[in-house]
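Residue numbers (this note's numbering): -17 to 452.
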């Protein structure tokens, strides 16, 4: 075996590889140029390795030798299929890389197929897949009556349970009632003894107990799961009672759907439950059983209404104090943020990307309610009101949204019910959402995309509500 020839071939391979990688020194470039200019075999070897390099699709900038080492066209020799060319190690590397690439593509295809099969399927809903994510607040306890709390990791760490935004976790009560407002727009009345899991802005799991839910006007609806099946309601009011042996459902307003039953049913899913109907799904039974409709077994919608205590009304006058810009939000991105007081200062009109605030110095109590009339001819991202202590916007949860197409996880949608035309009255129990002394009241017409949002507010006042027994 000729050792000098082997060393020469190895050196040629090293120089060519360095050239293809763009790592040749000036001296090495001169050596390679000399070898290529005098040896057709070296030129053939260069072309062979360059061909292998192109298969791997390396970066062109790293695969081109400097201009001084480019082979003149008149000296190029066609590549021969000679078995004497020792390229086996390089071909093995190519095969290994091809297998790695094929494996990667196969894994990506499997993941894509798995994702495709889960989109829109009941299984995804049953596993609490939440498009908004579950890292932030999902609900707030707004009211209680004679409640005796059970121990859960979620509530044990919260001193003031009413008014504190809640993340996912469990709410357990031994007795009494709890009103929970979900950021997806649904209100739930939980009656003890009961155990309720907060899964997302519009999803709960009822382990046991009785609930009445009002899913409001939000298009995402509300999902209530149990060990027996899952119930969905959109713009509906429903009542559910869950025990270890059965699930009982009543469609009080609108219709409900039952699906994802623990065992296959004899009827197709989803099972439709129309307004004024009720059924029970018993453990181990393959069908739902109609039962007498009993709306009086659940909390009526009237109990959610805010009734005014006589003699507690306090009007708010826009013109009595300066109008101020609210933090960086007002006119953000150098967009217009217009505001005008009309009708002798009794009506506020804001337009563009506008956040305006007024000093109110309002002490929050549990029964404090703000009432106002709202109108909008141009829908933006967020329309609403809010309170703040320092004029620095740093808490999205302080916004009470009443209109707008944008849904932000930390801004509750329970009051986002503007019908889209004319004046509409809103009553918001702000004392359930804020505490302490709030220095500023602000008004929102947010649209940092087109700056076309318009909000109008009038007849703003505060009053204290009656308890309604809760």
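Backbone N, C-alpha and C define an ideal beta-carbon position, used for all residues, glycine too.
| query | result |
| --- | --- |
| For residue 429, which residues from the same chain have a beta carbon less than 6 angstroms from its beta carbon, with the 5 sequence-adjacent residues on both sides left out? | 335, 362, 363 and 435 |
| Could you tell me which of 150, 139 and 220 sits nearest to residue 172, measuring between CA atoms? | 220 |
| Taking residue 168 as the reference, give the member of 414, 206, 2 and 144 with the closest Cα. | 206 |
| For the beta strand (DSSP E) containing residue 181, name the first residue and the last one. | 169 to 182 |
| Per DSSP, residue 147 forms a beta bridge with which residues? | 122 |
| What are the complete alpha helix (DSSP H) segments, minimum 4 residues, inside the region 361 to 392? | none |
| Taking contact to mean 3 or more Cβ pairs, one atom from each stretch, closer than 8 angstroms, check whether the region 388 to 404 and the region 309 to 324 are in contact. | no |
| Determine the closest residue to residue 245 out of 258, 233, 266 and 227, with distance taken between C-alpha atoms. | 266 |
| Please list the terminal residues of the continuous beta strand (DSSP E) segment that includes residue 419. | 419 to 428 |
| Look up residue 396 in the DSSP assignment and say whether it is helix, strand or coil. | coil |
| If we ignore side chains and look at the alpha-carbon of each, how far apart do residue 175 and residue 126 end up? | 14 angstroms |
| Under three-state DSSP, which class holds residue 69? | Summary for residue 69: the model assigns pLDDT 45, below 50, so the residue's position carries little reliability; its value from the coordinates is reported in the next sentence. Residue 69: coil per DSSP, three-state reduction. |
| Check whether the region 201 to 218 touches the region 182 to 189, counting contact only when three or more Cβ pairs, one atom from each stretch, lie closer than 8 angstroms. | yes |
| Helix, strand or coil: how does DSSP classify residue 315 here? | helix |
| May I ask which residues mark the beginning and end of the alpha helix (DSSP H) holding residue 255? | Where residue 255 is concerned, there is no enclosing alpha helix (DSSP H), although the beta strand (DSSP E) it sits in stretches over 253 to 255. |
| Can you list, in chain order, the residues of its chain whose CB lies under 7 angstroms from that of residue 301, leaving out five sequence neighbours each side? | 323 and 327 |
| Rounded to the nearest angstrom, what separates residue 353 and residue 290 at their Cα positions? | 10 angstroms |
| Buried or exposed: residue 149, going by 16 or more other Cβ atoms within 10 Å of its Cβ? | exposed |
| Can you list, in chain order, the residues of its chain whose CB lies under 6 angstroms from that of residue 445, leaving out five sequence neighbours each side? | 290, 294, 295 and 351 |
| Look at the Cβ atom of residue 251, then the Cβ atom of residue 241, and state whether they are nearer than 8 angstroms. | yes |
| When DSSP builds the beta bridges, which residues end up paired with residue 194? | 171 and 221 |
| Rounded to whole angstroms, what's the CA-CA distance from residue 440 to residue 145? Just pull it up for me. | 27 angstroms |
| How about residue 308 and residue 375: do their beta carbons lie closer than 8 angstroms? | yes |
| Could you have a look at residue 237 and say whether DSSP puts it in helix, strand or coil? | coil |
| Determine, using beta carbons only, whether residue 129 and residue 161 come nearer to each other than 8 angstroms. | no |
| Please name the residue or residues paired with residue 322 in a DSSP beta bridge. | 331 |
| Please state the DSSP three-state secondary structure of residue 207. | strand |
| Excluding the 5 residues preceding and the 5 following residue 224 in the sequence, name in chain order all residues of the same chain whose CB lies nearer than 6 angstroms to its CB. | 188, 190 and 208 |
| Apart from the five residues on each side of it in sequence, which residues of its chain come closer than 6 angstroms, Cβ to Cβ, to residue 344? | 420 |
| Would residue 414 be called buried (16 or more neighbouring beta carbons within 10 Å of its own) or exposed? | buried |
| In the DSSP assignment, find the beta strand (DSSP E) that holds residue 440 and state where it starts and stops. | 435 to 446 |
| Taking residue 243 as part of the beta strand (DSSP E), name the residues at either end of that continuous run. | Segment: none, residue 243 is in no beta strand (DSSP E) and carries neither H nor E. |
| Can you find the residues in the same chain that come closer than 6 angstroms, C-beta to C-beta, to residue 281, ignoring five residues on each side of it along the sequence? | 171 and 194 |
| Tell me residue 339's beta-bridge partners as DSSP assigns them. | 306 and 424 |
| Quick one, which of 28, 297 and 132 has its alpha-carbon nearest residue 178's? | 132 |
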